[in-house]
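Everything in the sequence shown is counted per the UniProt record's numbering, starting at 1 for the first residue and increasing by one. Virtual Cβ for every residue (Gly too), placed ideally from N, Cα, C. Everything on this sheet refers to the single structure shown next.
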Amino acid sequence: EELAAIRTWARANGYQVADRGTPAKAVLDAYDAAHRTNGLAEAS
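In structure tokens form, the structure reads like this:
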């Protein structure tokens, strides 16, 4: 599940996230930014 992956990533990167519910927007934005950069590099 994507939210589980986001929580795992967030914890590994120093964010505090709950086990349930949607992570904070700041966490989602940081996750998207980190993975968007990787995606663009692979697409090139």
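Exposed unless 16 or more other CB atoms sit within 10 angstroms - verdict on residue i
i	result
ARG7	buried
ALA34	exposed
SER44	Residue confidence for SER44 is low, a pLDDT of 45 falling below 50, so the modelled location carries little weight and cannot support an answer.
Beta-carbon spacing of residue i, residue j below 7 Å
i	j	result
VAL27	ALA10	yes
Close beta carbons around residue i, own chain, < 8 Å, minus the five adjacent residues each side
i	result
ALA30	ALA10, ASN13 and TYR15
7 Å CB neighbourhood of residue i in its chain, flanking five on each side removed
i	result
GLY21	none
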